[in-house]
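A.B. asks: Here you go, one structure.
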Amino acid sequence: MTDAPNTPRDSARDYRDTVFLPKTDFPMKAGLAAKEPAILDRWARIGLYDRLRREREGCERFILHDGPPYANGDIHMGHAMNKVLKDIIVRSQTLLGKDAPYVPGWDCHGLPIEWKVEEAYRAKKLNKDDVPVDQFRAECRAYAEKWVDVQRAEFERLGVMGDWADPYLTMNYDAEAAIVGELLKFAESGQLYRGAKPVMWSPVEKTALAEAEVEYEDVVSTQIDVGFEIVEAPEYPPLVGAIAVIWTTTPWTIPVNQALAYGSAIDYLVFGYKGKRYLVAEPLLPAFTKRTGIGMESFEALAKGPVLEGATARHPMHHLGGFFAKPRPFLEGDFVTIDAGTGLVHMSPDHGEDDFLLCKRHGIDPVFAVDGAGMYRADWAWLGGQGSVINKKFVAADGPICSDLREAGALIAASDDFRHSYPHSWRSKAKVIQRATPQWFIPMDRSAGVDAGEAAGTTDAALTNGATLREVALDAIAATQWVPARAENRIRAMVEGRPDWVISRQRAWGVPIALYVHRQTGEYLSDPAVNARIVAAFREGGADAWFTADHQALLGDAHTLADYEPQRDILDVWFDSGCTHVFTVEARYGADVRANLYLEGSDQHRGWFQSSLLESCGTRGRAPYDAVLTHGFALDDKGRKMSKSLGNVVDPLKIIGESGADILRMWVASTDYFDDVRIGKEVLATASDAYRKLRNTFRYLLGALDGYSDAETVDVADMPELEQYILHRLGMLDTELREAATGYEFNRYIRLLTDFANEDLSAFFFDVRKDSLYCDAHDSVKRRSYRTVLDTLFHALVRYAAPVLCFTAEEVWQARYPSEDGSVHLLEWPELPPIPGDSPLGTRWQAVRALRVAVTEAIEPLRREKTVRSSLEAEVTVSSTPLPVDELAEIFIVAAVREADDVTVTRTGYQKCGRCWRHLPEVTEDGSLCDRCAGVVA
Numbered sequence: 001m002t003d004a005p006n007t008p009r010d011s012a013r014d015y016r017d018t019v020f021l022p023k024t025d026f027p028m029k030a031g032l033a034a035k036e037p038a039i040l041d042r043w044a045r046i047g048l049y050d051r052l053r054r055e056r057e058g059c060e061r062f063i064l065h066d067g068p069p070y071a072n073g074d075i076h077m078g079h080a081m082n083k084v085l086k087d088i089i090v091r092s093q094t095l096l097g098k099d100a101p102y103v104p105g106w107d108c109h110g111l112p113i114e115w116k117v118e119e120a121y122r123a124k125k126l127n128k129d130d131v132p133v134d135q136f137r138a139e140c141r142a143y144a145e146k147w148v149d150v151q152r153a154e155f156e157r158l159g160v161m162g163d164w165a166d167p168y169l170t171m172n173y174d175a176e177a178a179i180v181g182e183l184l185k186f187a188e189s190g191q192l193y194r195g196a197k198p199v200m201w202s203p204v205e206k207t208a209l210a211e212a213e214v215e216y217e218d219v220v221s222t223q224i225d226v227g228f229e230i231v232e233a234p235e236y237p238p239l240v241g242a243i244a245v246i247w248t249t250t251p252w253t254i255p256v257n258q259a260l261a262y263g264s265a266i267d268y269l270v271f272g273y274k275g276k277r278y279l280v281a282e283p284l285l286p287a288f289t290k291r292t293g294i295g296m297e298s299f300e301a302l303a304k305g306p307v308l309e310g311a312t313a314r315h316p317m318h319h320l321g322g323f324f325a326k327p328r329p330f331l332e333g334d335f336v337t338i339d340a341g342t343g344l345v346h347m348s349p350d351h352g353e354d355d356f357l358l359c360k361r362h363g364i365d366p367v368f369a370v371d372g373a374g375m376y377r378a379d380w381a382w383l384g385g386q387g388s389v390i391n392k393k394f395v396a397a398d399g400p401i402c403s404d405l406r407e408a409g410a411l412i413a414a415s416d417d418f419r420h421s422y423p424h425s426w427r428s429k430a431k432v433i434q435r436a437t438p439q440w441f442i443p444m445d446r447s448a449g450v451d452a453g454e455a456a457g458t459t460d461a462a463l464t465n466g467a468t469l470r471e472v473a474l475d476a477i478a479a480t481q482w483v484p485a486r487a488e489n490r491i492r493a494m495v496e497g498r499p500d501w502v503i504s505r506q507r508a509w510g511v512p513i514a515l516y517v518h519r520q521t522g523e524y525l526s527d528p529a530v531n532a533r534i535v536a537a538f539r540e541g542g543a544d545a546w547f548t549a550d551h552q553a554l555l556g557d558a559h560t561l562a563d564y565e566p567q568r569d570i571l572d573v574w575f576d577s578g579c580t581h582v583f584t585v586e587a588r589y590g591a592d593v594r595a596n597l598y599l600e601g602s603d604q605h606r607g608w609f610q611s612s613l614l615e616s617c618g619t620r621g622r623a624p625y626d627a628v629l630t631h632g633f634a635l636d637d638k639g640r641k642m643s644k645s646l647g648n649v650v651d652p653l654k655i656i657g658e659s660g661a662d663i664l665r666m667w668v669a670s671t672d673y674f675d676d677v678r679i680g681k682e683v684l685a686t687a688s689d690a691y692r693k694l695r696n697t698f699r700y701l702l703g704a705l706d707g708y709s710d711a712e713t714v715d716v717a718d719m720p721e722l723e724q725y726i727l728h729r730l731g732m733l734d735t736e737l738r739e740a741a742t743g744y745e746f747n748r749y750i751r752l753l754t755d756f757a758n759e760d761l762s763a764f765f766f767d768v769r770k771d772s773l774y775c776d777a778h779d780s781v782k783r784r785s786y787r788t789v790l791d792t793l794f795h796a797l798v799r800y801a802a803p804v805l806c807f808t809a810e811e812v813w814q815a816r817y818p819s820e821d822g823s824v825h826l827l828e829w830p831e832l833p834p835i836p837g838d839s840p841l842g843t844r845w846q847a848v849r850a851l852r853v854a855v856t857e858a859i860e861p862l863r864r865e866k867t868v869r870s871s872l873e874a875e876v877t878v879s880s881t882p883l884p885v886d887e888l889a890e891i892f893i894v895a896a897v898r899e900a901d902d903v904t905v906t907r908t909g910y911q912k913c914g915r916c917w918r919h920l921p922e923v924t925e926d927g928s929l930c931d932r933c934a935g936v937v938a
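My numbering applies: residue 1 is where the sequence shown begins, and numbers increase by one.
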């Protein structure tokens, strides 16, 4: 236009072909659901995981030991969140230059799988107990194998990188041999005993349950007040004939009552009502009266609990004779309170821990009246053969128990209206009971003995100095890093208060408790030679070998099978998973190696974290991990637990199929996963929006770097200050990202990354420098400097994003560096160029950016009023100029900047360049060229 100044505007030259616009085939629309499977296939084809192991051999190792999910059903959102978080950590440690293997695993034994196989039997009207044990175990193994394969494919689809070809399975023969080997270490070191005490028992599943297999739900139970007539009271004879009242919400325990407990500091009131005399705690009289309608008509006595010492009462069903005719002693119990009830507690040592311990001190033993199905024994004098005790009708106010007590004149009150929290099996959802049964236990408070360390195969001082398992475990907790830190208090409280570990289960699918018990003494055989043969048999034939073994051959010549009974119970599945560090971490990386990190949901403080801790402390005198990270649960968008009945289940497989795994990974990283997190359409939309912006940043970088080569590179010292500042900001980001990755704070990590991409780059740096990129000469220092920094940014950002957006980072890398066998995941953390000099870049450019925001806000009213159509048509005044005004005009993207007392905006009188569209003084008329553009197109 400069050579034809009089040419009409509508016939002006079109300079679009002279502008250097970004060019890339990288699509704005992700299409992840279609692309990601192909990327997975490529990783498998190039053997990415195995190649990383070879290339990182000898580097510092980082081991995240995988907590095993049950091989049972498709994965759910909790699985997805857990596995993605693990993968982000493993990939970030790999990026930091470490050898970070990941061996996925599965829990293949136990009730969840056995229950599913039994369901199939029940559908065919078959009884599991009628099936040969080896056939049943084979069906359980096949079921587990099926779901291992299904879940493996689903986890891989999430982008989780690991040794999927060789995972650990608790049902593998080597694993089963290691598990039984660990059990025998406990046995040899004296840390194992068999006893009868109340444990959580599922009448539906007919087995003992671990704490971690129990969940609590609110229920409405029957509450009853029952009278026991006092027949002896040596400390206060007038009590004879009075009715001691107990209150309970488990009426089914009355048929197994053996004693009554009182509190020594409680004031007990004896009073008369309608010709009868009653004994209750004085503070609880109002509540008792409200509940029963029985009030005090006459006062007789008020005395402390010790007046009941030596007293006895008779059971309401004493007329049945035998067990029921025995006097019920009053026993002092420090657990008796006046929080509820009557201040007197009926004792059934079969069905309560406090009951059991108090009665044991007084020589009262369990009677095992309730069988494994929750029925009273057929020979039990009262309600024999009846039940089940968890049947609501059976224990109801009009059920057989209350009816018999009413007929005996002992039922004072009964109602089906007491709401409280009650334990249920997490698998069957049925109520559980406390039931005394013969079980195998690992003691928490028994000294392991002087030679326990040697027997367990360790010389750790914690075991050889006679410390108890509880003491060793508490010391190990203090030596472990807990993330977040508050998790330490939770697991410490659990270990401090937990009972002995019940390790036996009365089921078929699991690792058997491979012990021989002497038929006369009841002692288990502790012979290292026998134990070695047992372990060898398991290694050759798995746990099935125990059920088909030639037990005399295992016992050897030193022992006779006729003297010993092989045990048939199986191990608690938590003992299985507690041993995974043995046959995974130690077996693959060395006997003295322990995991850097365990990572699971917060429920695992009473599950895998604790069972692994106790197993390792009992055999090695230390924890199996250096650090433990706990995450919360995935809830729906309203904060509710997901359930099919509520219809609020968010299926991760559906999200992957529709939007791609990277969207799910973006969501996981962006959550505050140390607490419970929410997911729903709006939450995923937010994650998708954040992903889209980051993807567009990569798309811009790819387009702006089209044709870039090292020949364009400009030394940092020769770059404009803006480029130096962006590299300074990148350096700050790099430091913060390292800190976040090291501290497992990926919510902070992804926020830092997206904020930098959106605010420092897209909204500022890219915006300012697009004029230079589009319109400067190819060889201009400013444009070359910009592209040099873009190249640095590309290499840094694609690496930073790779742990979270594993598929997209690979797509971005291959878009710029296509290859047959290359991968972004083979790269290490970027090395950034140093910023020369010590000028206060950050402070100065922070002021520039703040001033830019003020200028932009001042221009906006003129845009709304259409005084200016864009900021390029504005001239502004500012009160301070941290940079020369001509540089500020470019930074602010305005026509001109001048100094004045305040920020003001006016429309410029300059004409617009026909190529770069900037309004500049040298442009003689609208559409002609500025000096820079004229030089470029010349």
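Backbone N, C-alpha and C define an ideal beta-carbon position, used for all residues, glycine too.
Can you name, in chain order, every residue of its own chain whose Cβ lies under 6 Å from the Cβ of Arg-533, other than the five neighbours on each side?
C.D. replies: The residue given as residue 533 occupies position 533 in the sequence shown. So the qualifying residues of the chain are Leu-554.
A.B. asks: Have a look at Ala-430 and Asp-398 and give me their C-alpha separation to the nearest angstrom.
C.D. replies: Translated into the one-based positions of the sequence shown, residue 430 becomes position 430. Translated into the one-based positions of the sequence shown, residue 398 becomes position 398. Rounded to the nearest angstrom, the two C-alpha atoms are 22 Å apart.
A.B. asks: Find out if the Cβ-Cβ distance for the pair Ile-433, Pro-203 is shorter than 8 Å.
C.D. replies: Along the sequence shown, one-based indexing puts residue 433 at 433. Along the sequence shown, one-based indexing puts residue 203 at 203. Taking 8 Å as the Cβ cut-off, Ile-433 and Pro-203 qualify as a contacting pair.
A.B. asks: In whole angstroms, what is the alpha-carbon distance linking Phe-633 and Glu-60?
C.D. replies: Your numbering for residue 633 matches position 633 in the sequence shown. Your numbering for residue 60 matches position 60 in the sequence shown. Computed Cα separation, rounded: 32 Å.
A.B. asks: Buried or exposed: which applies to Pro-161, given that a residue is buried once 16 or more other Cβ atoms fall within 10 Å of its Cβ?
C.D. replies: On the sequence shown, residue 161 is found 161 positions in, with the first residue counted as 1. Before going further, note that residue 161 is Met rather than Pro in the sequence given. Buried.
A.B. asks: Leaving out five residues on either side along the sequence, give the residues of the same chain with a beta carbon under 7 Å from the beta carbon of Ala-187.
C.D. replies: For the purposes of this step, residue 187 is taken as residue 187 along the sequence shown, with counting starting at 1. Correct list, in chain order: Leu-515, Tyr-524, Ser-526.
A.B. asks: So, for Gly-263: in the same chain, excluding its five sequence neighbours on each side, which residues have a beta-carbon less than 6 Å away from its beta-carbon?
C.D. replies: Within the sequence shown, the letter at position 263 stands for residue 263. Gly-305, Val-336.
A.B. asks: Going along the chain, which residues of its own chain have a beta-carbon closer than 6 Å to the beta-carbon of Glu-875, five neighbours each way excluded?
C.D. replies: Walking along the sequence shown from the start, residue 875 turns up at place 875. These residues qualify, in order along the chain: Ala-895, Ala-896, Thr-906, Thr-908.
A.B. asks: Which value, in whole angstroms, describes the spacing of the CA atoms of Gly-680 and Ala-123?
C.D. replies: As a working mapping, residue 680 is identified with position 680 in the sequence shown. As a working mapping, residue 123 is identified with position 123 in the sequence shown. Their backbone Cα atoms lie some 36 Å apart in a straight line.
A.B. asks: Here's a check: name, in chain order, each residue in its chain whose Cβ is nearer than 8 Å to the Cβ of Val-307, leaving out the five neighbours to either side.
C.D. replies: Mapped onto the sequence shown, residue 307 falls at position 307. Taken in chain order, the residues that qualify are Ala-233, Glu-235, Tyr-236, Leu-239, Tyr-268.
A.B. asks: Take Ala-587 and list the residues in its own chain whose beta-carbon comes closer than 8 Å to its own, dropping the five residues that flank it on each side.
C.D. replies: The residue labelled residue 587 in the question sits at position 587 within the sequence shown. Answer for Ala-587: Asp-174, Ala-178, listed in chain order.
A.B. asks: Could you pull the start and end residues of the beta strand (DSSP E) that Thr-289 belongs to?
C.D. replies: As a working mapping, residue 289 is identified with position 289 in the sequence shown. No beta strand (DSSP E) contains Thr-289, which is instead part of the alpha helix (DSSP H) from 285-292.
A.B. asks: Confirm, please, whether the CB-CB distance from Glu-176 to Cys-140 is below 8 Å.
C.D. replies: What you label residue 140 is simply residue 140 of the sequence shown in a count that begins at 1. What you label residue 176 is simply residue 176 of the sequence shown in a count that begins at 1. Contact flag unset, no.
A.B. asks: I need the boundaries of the beta strand (DSSP E) containing His-551, first residue and last residue.
C.D. replies: Here residue 551 refers to the residue found at position 551 of the sequence shown. Premise fails: His-551 lies in the alpha helix (DSSP H), 551-555, not in any beta strand (DSSP E).
A.B. asks: Should His-778 go down as buried or exposed, given a rule of 16 or more other Cβ atoms within 10 Å for buried?
C.D. replies: Looking up residue 778 in the sequence shown gives position 778. Exposed, since its Cβ has fewer than 16 Cβ neighbours within 10 Å.
A.B. asks: Within this structure, are the beta carbons of Ser-92 and Ala-801 separated by less than 8 Å?
C.D. replies: As a working mapping, residue 92 is identified with position 92 in the sequence shown. As a working mapping, residue 801 is identified with position 801 in the sequence shown. Taking 8 Å as the Cβ cut-off, Ser-92 and Ala-801 do not qualify as a contacting pair.
A.B. asks: Give the DSSP bridge partners of Thr-904, in chain order.
C.D. replies: Locating residue 904 in the sequence shown gives position 904, counting from the first residue. Per DSSP, Thr-877.
A.B. asks: Counting C-beta neighbours from all protein chains within 10 Å, is the total for Ala-850 16 or more, i.e. buried, or is it exposed?
C.D. replies: Position 850 of the sequence shown, counted from the first residue, corresponds to residue 850. Exposed, since its Cβ has fewer than 16 Cβ neighbours within 10 Å.
A.B. asks: Starting from the N-terminal side, write out each stretch of the beta strand (DSSP E) that is 3 residues or longer and does not extend beyond the stretch 385-456.
C.D. replies: DSSP runs (the beta strand (DSSP E)) wholly in the stretch 385-456: 411-425, 433-442.
A.B. asks: DSSP three-state label for Glu-586, please.
C.D. replies: Numbered from 1 along the sequence shown, position 586 holds the residue referred to as residue 586. Helix, per DSSP.
A.B. asks: Roughly how many angstroms lie between the CA atoms of Arg-13 and Ile-893, to the nearest whole one?
C.D. replies: In the sequence shown, the residue the question calls residue 13 occupies position 13. In the sequence shown, the residue the question calls residue 893 occupies position 893. The alpha-carbon atoms of Arg-13 and Ile-893 are separated by roughly 24 Å.
A.B. asks: Just to confirm before moving on: does the CB-CB distance between Ala-508 and Val-199 stay below 8 Å?
C.D. replies: Counting from one through the sequence shown, the residue named residue 508 turns up at place 508. Counting from one through the sequence shown, the residue named residue 199 turns up at place 199. The answer is no: Cβ separation not under 8 Å.
A.B. asks: Using DSSP with H/G/I as helix, E/B as strand and the rest coil, what is Gly-310?
C.D. replies: Numbered from its first residue, the sequence shown carries residue 310 at position 310. Gly-310: coil per DSSP, three-state reduction.
A.B. asks: Quickly, what does DSSP pair Leu-169 with across the bridge? List them, please.
C.D. replies: For this step, residue 169 is matched to residue 169 along the sequence shown. Looking at the DSSP assignment, Leu-169 forms a beta bridge with Trp-106.
A.B. asks: In whole angstroms, what separates the C-alpha of Ala-545 from that of Thr-560?
C.D. replies: If you number the sequence shown from 1, residue 545 lands on position 545. If you number the sequence shown from 1, residue 560 lands on position 560. Computed Cα separation, rounded: 19 Å.
A.B. asks: For Glu-353, which residues from the same chain have a beta carbon less than 6 Å from its beta carbon, with the 5 sequence-adjacent residues on both sides left out?
C.D. replies: Stepping through the sequence shown from its first residue, residue 353 is reached at position 353. Once the five neighbours on either side are set aside, the close Cβ partners of Glu-353 are Pro-198.
A.B. asks: Within its chain, find whatever has a CB closer than 6 Å to the CB of Pro-329; leave out the 5 residues flanking it on each side and keep chain order.
C.D. replies: Translated into positions along the sequence shown, residue 329 becomes position 329. Excluding positions up to five away in sequence, the list reads Ala-259, Thr-312.
A.B. asks: For the pair the stretch 26-43 and the stretch 803-822, tell me if three or more CB-CB distances fall below 8 Å.
C.D. replies: They touch, by the three-pair rule.
A.B. asks: Please name the residue, chosen from Thr-877, Glu-721, Asp-706, Asp-715, that lies closest to Asp-25 on a Cα-to-Cα basis.
C.D. replies: Within the sequence shown, the letter at position 25 stands for residue 25. Ranking Thr-877, Glu-721, Asp-706, Asp-715 by Cα distance to Asp-25 puts Asp-706 first.
A.B. asks: So Ser-688 is in the alpha helix (DSSP H); what residue range does that whole segment cover?
C.D. replies: If you number the sequence shown from 1, residue 688 lands on position 688. From DSSP, the alpha helix (DSSP H) with Ser-688 extends over 681-704.
A.B. asks: Go through its chain and collect everything with a Cβ distance to Phe-583's Cβ below 7 Å, but skip five positions before and after it.
C.D. replies: Translated into the one-based positions of the sequence shown, residue 583 becomes position 583. Counting only Cβ-Cβ distances below 7 Å, and skipping sequence neighbours, we find Tyr-168, Asp-174, Ala-175, Ala-178.
A.B. asks: Helix, strand or coil, according to DSSP, for Phe-26 in the structure here?
C.D. replies: Position 26 of the sequence shown, counted from the start, is the residue given in the question as residue 26. DSSP places Phe-26 in coil when its eight states are reduced to three.
A.B. asks: On a Cα-Cα basis, can you pick out the residue from Gly-190, Gly-159, Glu-282 that is closest to Glu-300?
C.D. replies: Numbered from 1 along the sequence shown, position 300 holds the residue referred to as residue 300. Here the closest residue by C-alpha is Glu-282.
A.B. asks: In chain order, which alpha helix (DSSP H) runs of at least 4 residues are fully inside the stretch 602-661?
C.D. replies: If we require 4 residues or more, the alpha helix (DSSP H) runs fully inside the stretch 602-661 come out as 608-620, 652-659.
A.B. asks: Taking the runs of the alpha helix (DSSP H) that are 4 residues or longer, which of them lie wholly in the stretch 140-228?
C.D. replies: Runs found: 173-188.
A.B. asks: My guess is that Asp-74 and Pro-104 are in contact by the Cβ rule of under 8 Å, so how many angstroms apart are they, rounded?
C.D. replies: Translated into the one-based positions of the sequence shown, residue 74 becomes position 74. Translated into the one-based positions of the sequence shown, residue 104 becomes position 104. Incorrect: roughly 16 Å between the Cβ atoms, too far for contact.
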